[in-house]
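One structure is given below, encoded as structure tokens.
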Amino acid sequence: MQGVLLASHGKMAKGIAHSITMFFGDDIKQFDYECFMPEDNIKEFQKRIIDKVNNLDTGDGVIILLDIFGGTPAQALIPCINGKNLILSGMNFPMTIQALTSRQEHIVSKEELISCGKTAIQSYEPNDEKEPEDSFFG
């Protein structure tokens, strides 16, 4: 099973990880987050995040979801680009749920997560006749 790591500037990753527990409980196997804070030393942050990737990988690699492309968390993960780990930017809550759910059944692909992340972006307009669909609660 793939590990899942969330990484962000500030506490975004921690917030998503905390919210995820409402769906998966408090003890989620092979799941963690790392936040790059203003007071962090870049080299120390890189060591922390690479250690987490290594701890989460039990053989199938790690799905690493980042807040933005090219930022400090992404730069710190350059040594983790190895063909086994899946590193994607633009993380959102539905994408994280998809990663945690799908990894139990198969190796999660970038196409699957990108599609989920894009599909999750919806607009509610005044006088919409359709009811919002909630795929999580049926």
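Each residue of the sequence shown is one higher than the last, beginning at -4 in this note's numbering. Glycine included, every Cβ here is placed at the ideal spot set by N, Cα and C.
Taking C-alpha positions only, aspartate 62 is separated from glutamine 99 by approximately 24 Å. Around the beta-carbon of glycine 20, fewer than 16 other beta-carbon atoms lie within 10 Å, marking it exposed.
Separation of the CB atoms of tyrosine 28 and leucine 51 is rounded to 11 Å, and the pair is thereby denied contact status at 8 Å.
Assignment of valine -1 by DSSP, reduced to helix, strand and coil, places it in the strand class.
A Cβ-Cβ distance of about 6 Å is found for the pair isoleucine 92 and phenylalanine 18, placing them in contact under the 8 Å criterion. Boundaries of the beta strand (DSSP E) harbouring aspartate 27: 26 to 31, taken from the DSSP string. Secondary structure of valine 103 (DSSP, three-state): coil. For leucine 51, the enclosing alpha helix (DSSP H) starts and ends at 37 to 51.
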